[in-house]
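Written out below as structure tokens is the structure these notes cover.
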Amino acid sequence: MERPVVIIRACPDYDTDRIADLVGEGLDTLGLRPFGRTLVKPNCVASGPHFPHAYTRPEFLEGVLRALKSRAGDDLSELALGERCGITMPTRFAFDQAHYVPMLKRVGAKAYHFDEVPQVPVPLYHPERLRDTMWTPEPVAKADFFVNCPKFKAHPWTTVTFSMKNYIGIQDDRHRLVDHDHRLNEKVADLQYIVQPQFIAIDAIIAGEGRMLTPVPFDLGLVLMGNNQVAFDAVCCRLIGLDPLEVEHIRMAHERGFGPVDLDAIDVVGDVSFAEAQARAQGFRTGLIRVEDYFAGTNIRAYSGPPPPDGGHDYCWGGCPGALEEAVEVLRLYDAATDEKMPPVHIVFGAYDGPIDAEPGEKVVFVGDCARFHGDVAGKPVQIESVYADRSTKDPLEAKYADIYAKMVSMGLALRTLNQEDVVRITGCPVSVAEQVLMLVKLGKLRNPYFDPKQAIPFTSCYLSWRTRQLLNKLMGQPYNVTEAIERGAARPAQNLPPAGASSPFEAG
Ligand code: SF4
């Protein structure tokens, strides 16, 4: 493997012309020419006025798409942008709120909403895999030239979200939620086998620290580009003073041969020195905070015990607890008085065997399939049993699409007993951010952000289009099986991957 290159460029603002120029120069430096089906994957987990720093900005993507077009040969058959935004929302709504639609028209590129296209199976062969097959949207499997355009952000589940973690959006809802739990980092590492990008360009002009949906803006003024995902993420980690081997999905991908993490093995070039970029990133806060600490000093008391023992974790970093942190931040955006309005509530995760300090009349919610508790709550005995089903019993093809209106109904039903009872159980693995938003709305009698009148019309319009497309896909049937799809060239395991079972050519550093 050639030495990976990471380019660090100064970019003080979202000037599309400047971005197009420096990305074009980045492609030249890396000797890359887009061809065939060229697909760009942004991070558009959430967008619009409430989430200004959560997503790859349209000005940035316009610059990237224009640069790709300018460097492409005659064999560029398609230029497209594809993504699955945060679950429960239609991606077409996220694209609309991100102002991607007029931008794509200007550039002459196509939009793929990954929740509205056929899903393709990709077989996995590496010994550490969580599953034998992962599913990905057809445009990803068919891409000839894949470009990853993440946003430089912290993340409450995986510490950071740079290039590799952006791959959570190359699965639609039913496949994405499978293994989105204490083994999320392994899932992200497994996703690397689906495709590797030929080119990466991260929007680090205004980065996002602390969280992923509602990050605090951090003026970094940088664009980083590269041609190897592990090396790229390693450089991003080191910029903020983080050892990339402490980020599990980066460590795993490195150990499986996807790329180096040592700076000595990476060519770092550009008009900003690594030391200067590090100085700019000084003080950037990452996202790994245990839920008990996150809610200290508020009326929400959180308690967490260990998740199921597979994987050897003492805390579920990839599932329900982090989703509660993101959920409360979403509500704070819509209502600054969220914390004052919230009565004392107690929220319990995992197999918890400590005390729950609830007074009589205070609500106690056990969240997640793996929640288990045997003890007293406000002087009364309470027994909650785990209903967690081993992941080997979960078939992605059996998983259901997440519909926000259905979730509202099911959450309402799950919590209806709170009118008479103080203790309630909510199942799911994971219980998503959206569900926990609805849970907190109910507990605090808060305004439901899904009924925000400013967004009601575009949301309803996108929702109806989304559901219609999904229904049509369902009626047409799922046309793929693993062997057949690969044999006829509609899907392939991956690009640029180490051979199955290969040991890492890179030393852990
Ligand atoms: S139920 Fe929630 S906390 Fe438990 S393993 Fe699943 S995602 Fe983690």
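Numbering of the sequence shown is given in my numbering, commencing with residue 466 and proceeding in unit increments.
Every residue, glycine too, gets a C-beta built ideally from N, C-alpha and C.
Every value quoted in this text rests on a predicted model; they were computed, and no experiment measured them.
Please report the residue range of the beta strand (DSSP E) in which residue 672 lies. From DSSP, the beta strand (DSSP E) with residue 672 extends over 664 to 674.
For residue 741 and residue 747, I'd like the C-alpha separation in whole angstroms. Straight-line spacing of the CA atoms in residue 741 and residue 747 works out to 10 Å.
State the beta-bridge partners of residue 769 as determined by DSSP. BP columns for residue 769 point to 814.
Are there 16 or more other CB atoms within 10 angstroms of the CB of residue 469, so buried, or fewer, so exposed? Of the residues assessed, residue 469 falls on the buried side of the cut-off, its CB having 16 or more other CB atoms within 10 angstroms.
Run through DSSP, which three-state label would residue 892 get? Annotated three-state conformation of residue 892 is coil, per DSSP.
Using the three-state DSSP reduction, which class does residue 471 fall into: helix, strand or coil? Residue 471: strand per DSSP, three-state reduction.
Runs of 3 residues minimum, wholly inside the region 529 to 591: which ones carry the beta strand (DSSP E) assignment? Here the runs fully enclosed are 541 to 548, 575 to 578, 584 to 588.
Could you name each continuous alpha helix (DSSP H) segment of 4 residues or more that falls completely within the region 803 to 864, going from the start of the chain to the end? Here the runs fully enclosed are 803 to 806.
Roughly how many angstroms separate the alpha carbons of residue 571 and residue 788, rounded to a whole number? Taking the CA atoms as reference points, residue 571 sits about 36 Å from residue 788.
Beta carbon of residue 600 nearer than 8 Å to that of residue 809: Going by C-beta atoms, residue 600 is not nearer than 8 Å to residue 809.
Would you mind stating whether residue 815 and residue 649 have Cβ atoms separated by less than 8 Å? Contact flag unset, no.
Take residue 496 as the anchor and find which of 510, 536, 473 has the nearest alpha-carbon. If we check each option's Cα against that of residue 496, 536 comes out closest.
Would a C-beta distance cut-off of 8 Å place residue 574 and residue 530 closer than the cut-off? In this structure, residue 530 lies closer than 8 Å to residue 574 by Cβ.
Around the C-beta of residue 657, are 16 or more other C-beta atoms found within 10 angstroms, so that it is buried, or is it exposed? Of the other Cβ atoms in all chains shown, 16 or more fall within 10 Å of the Cβ of residue 657; this residue is therefore buried.
For my contact list, residue 677 and residue 510 are in at a C-beta cut-off of 8 Å; report their separation, rounded to the angstrom. So it is a contact: roughly 7 Å between Cβ atoms.
Quick check: is any heavy atom of the ligand SF4 less than 7 Å from the C-beta of residue 814? Yes.
Per DSSP, what kind of secondary structure is residue 642 in: helix, strand or coil? Coil, per DSSP.
Residue 591: beta carbon under 7 Å from a heavy atom of the ligand SF4? It does not: the Cβ of residue 591 is nowhere closer than 7 Å to a heavy atom of the ligand SF4.
From the DSSP output, in three-state form, read off residue 732 for me. Three-state result, residue 732: strand.
Residue nearest to residue 639 in terms of C-alpha spacing, selected from 608, 515, 585: When each option's Cα is compared against that of residue 639, the closest is 585.
Pick helix, strand or coil for residue 946, following the three-state DSSP scheme. The pLDDT assigned to residue 946 is 48, lower than 50, so where the model puts this residue is not dependable, and the model offers no usable value.
Taking 7 Å as the line, does the beta carbon of residue 795 fall inside it for any heavy atom of the ligand SF4? Incorrect: residue 795 has no Cβ contact closer than 7 Å to the ligand SF4.
Should residue 818 and residue 770 be called a contact, given that it needs their Cβ atoms to be closer than 8 Å? The answer is yes: Cβ separation under 8 Å.
Quick one: Cα of residue 634 to Cα of residue 620, how far? Cα-Cα distance, rounded: 14 Å.
My understanding is that residue 506 touches residue 547, with C-beta atoms under 8 Å, so please give their C-beta distance in whole angstroms. Indeed, because the Cβ distance is near 6 Å, the residues count as touching under 8 Å.
I need the DSSP call for residue 485, collapsed to helix, strand or coil. Reduced to three states, the DSSP call for residue 485 is helix.
Suppose you measure from the CA of residue 901 to the CA of residue 792; what does that come to, to the nearest Å? Each residue's Cα considered, the two are about 6 Å apart.
Given 7 Å as the limit, tell me if residue 647 has its C-beta closer than that to any heavy atom belonging to the ligand SF4. Result yes, Cβ under 7 Å from the ligand SF4.
With DSSP as the reference, label residue 476 as helix, strand or coil. Note: residue 476 maps to coil in three-state DSSP.
Give the secondary structure of residue 686 by DSSP, where H, G and I count as helix, E and B as strand, and everything else as coil. In the structure shown, residue 686 adopts extended strand secondary structure according to DSSP, grouped into three states.
With C-beta atoms as the reference, is residue 813 less than 8 Å away from residue 795? Not a contact, by the Cβ cut-off of 8 Å.
Residues bridged to residue 619 [DSSP beta-bridge criterion]: Residue 619 is bridged to 625.
Does the structure place the region 714 to 722 close enough to the region 747 to 760 that three or more beta carbon pairs sit under 8 Å? Below 8 Å, too few C-beta pairs join the region 747 to 760 and the region 714 to 722 to call them touching: fewer than three.
What residues match up with residue 599 in a beta bridge as DSSP calls it? Paired residues: 587.
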